[in-house]
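Going by the working numbering, the sequence shown wraps up at 407, each residue one higher than the last.
Ideal Cβ placement from N, Cα and C applies to all residues, glycine included.
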Amino acid sequence: MLFPTVLQDFVLAIISIFFGLVSAISGGGGGLFVVPAMVATFTDPHNVLLGSVFVAYLVAALTGFISYARKGLIDYRNGIYLAIPTIPGVVIGTFLETSISNFEFKMGLGLITIFLSLAMYIMRTSAHESPERANQIQKSDKVVEVIEQKSIKSQNTKPAVITDVSGRTFSYRPKILTGILINFGAGLLSGTFGAGAAVIIVPSMVMFVRMPSHVAIASSRIVLIALNFSAVLTHVSFGAINFLYALILSAGAIVGIYFGTKIVFRMSQSLLTKIMVLIFISLGAYLIITSF
Numbered sequence: 116m117l118f119p120t121v122l123q124d125f126v127l128a129i130i131s132i133f134f135g136l137v138s139a140i141s142g143g144g145g146g147l148f149v150v151p152a153m154v155a156t157f158t159d160p161h162n163v164l165l166g167s168v169f170v171a172y173l174v175a176a177l178t179g180f181i182s183y184a185r186k187g188l189i190d191y192r193n194g195i196y197l198a199i200p201t202i203p204g205v206v207i208g209t210f211l212e213t214s215i216s217n218f219e220f221k222m223g224l225g226l227i228t229i230f231l232s233l234a235m236y237i238m239r240t241s242a243h244e245s246p247e248r249a250n251q252i253q254k255s256d257k258v259v260e261v262i263e264q265k266s267i268k269s270q271n272t273k274p275a276v277i278t279d280v281s282g283r284t285f286s287y288r289p290k291i292l293t294g295i296l297i298n299f300g301a302g303l304l305s306g307t308f309g310a311g312a313a314v315i316i317v318p319s320m321v322m323f324v325r326m327p328s329h330v331a332i333a334s335s336r337i338v339l340i341a342l343n344f345s346a347v348l349t350h351v352s353f354g355a356i357n358f359l360y361a362l363i364l365s366a367g368a369i370v371g372i373y374f375g376t377k378i379v380f381r382m383s384q385s386l387l388t389k390i391m392v393l394i395f396i397s398l399g400a401y402l403i404i405t406s407f
């Protein structure tokens with residue numbers, strides 16, 4: 116089917132808006148609905164649908180990047196470091212696109228998603244907080260979020276400090292090497308299945324790289340721009356993109372992300388983490404159920 120019907124056009128627009136909304140709120144995960152929905156709705160070749168979705172991913176990442184940059188939540192230096200390994204990963208994954216069954220993809224990604232979500236929630240709720248932090252929270256109407264790790268207290272490394280436009284300050288010491296290794300795998304996963312990168316990248320940036328949730332979601336836009344741009348170029352070289360689908364998906368994603376970023380900016384750190392965990396567990400359960 117080269118051109119979608121009016122009904123398919125409408126369904127595709129709804130899917131894309133939901134994709135943008137979930138991506139903005141959770142930092143990713145909307146793609147896990149887009150790919151299955153596209154495959155179920157359209158009869159085009161699998162690689163063409165994935166190529167079209169990657170264009171929407173790229174537009175969504177760029178839109179989110181602009182929105183979060185205006186809010187001052189992006190850690191540019193560490194975001195670039197974490198983006199580099201996704202490029203070879205997604206290129207290799209694109210060549211492996213047809214080598215893994217749908218059952219293996221959904222079951223494996225579903226289990227990984229649930230595991231990372233639960234681990235992230237446990238780590239964030241049990242994280243050590245210094246006595247001084249409670250006094251800093253409301254001081255001068257500024258929220259100070261400090262990510263502390265017992266294992267690094269003795270280190271002399273300078274913490275990363277991000278202050279957004281509202282005056283909230285986030286201080287943390289990211290474990291970049293860990294993130295680089297994980298993001299190569301996330302790029303490989305995304306290139307192979309057309310989904311799943313953000314589900315791995317965002318929780319990992321919180322749980323393993325040890326970034327605050329707000330900063331992780333915002334900075335992940337740099338990672339996703341690099342990953343999706345590489346994927347789009349690879350699919351273009353194969354001639355595997357339906358640009359009409361890509362246009363509809365991209366337009367709807369922009370609308371969803373616009374409202375999603377406004378919601379995120381007004382949330383507390385604790386509430387945002389809980390919502391992220393709920394979204395990712397739901398996505399993981401959905402994948403497992405639909406794998407049979």
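- One alpha carbon belongs to THR156, the other to SER334, and they sit about 33 Å apart.
- As the crow flies, the alpha-carbon of THR228 is around 15 Å from that of GLY309.
- The C-beta separation of THR209 from THR349 comes to about 5 Å, placing the pair in contact by the 8 Å criterion.
- Here VAL370 has ILE132 and GLY135 as same chain residues with Cβ atoms under 7 Å from its own Cβ, once five neighbours each way along the sequence are excluded.
- Here the segment 274-293 lies against the segment 189-199, with 3 or more beta-carbon pairs under 8 Å apart.
- With respect to the 9 Å criterion, ILE130 and MET153 are classified as neighbours on the basis of their beta carbons.
- In the DSSP assignment, GLY166 falls within the unbroken alpha helix (DSSP H) covering 161-185.
- Contact annotation: the segment 330-346 touches the segment 173-182, with at least three C-beta pairs closer than 8 Å.
- Here the C-alpha atom of PRO318 lies approximately 12 Å from the C-alpha atom of ILE396.
- Relative to the Cα of ILE277, the nearest Cα in the group TYR191, LEU398 and LEU386 belongs to TYR191.
- In the structure shown, GLU219 adopts helical secondary structure according to DSSP, grouped into three states.
- Nearest to ARG381 by alpha-carbon distance, out of THR405, HIS329, ASN357 and ALA355, is HIS329.
- Taking every protein chain shown into account, the CB of ARG283 has 16 or more other CB atoms within 10 angstroms, so this residue is buried.
- For LEU387, the closest C-alpha among the options VAL321, SER305 and LEU339 is that of VAL321.
- In the assembly as shown, SER216 is an exposed residue. Its beta-carbon has fewer than 16 other beta-carbons within 10 Å.
- DSSP places ASP124 within a helical segment (H, G or I) once states are collapsed to three.
- As summarised for the segment 306-364, the continuous alpha helix (DSSP H) elements at least 4 residues long and confined to that stretch are 312-322 and 328-353, given in chain order.
- Between PHE285 and PRO327, the C-beta gap is smaller than 9 Å, which places the two residues in contact.
- By the neighbour-count criterion, in which a residue is buried when 16 or more other Cβ atoms sit within 10 angstroms of its Cβ, ASP124 is exposed.
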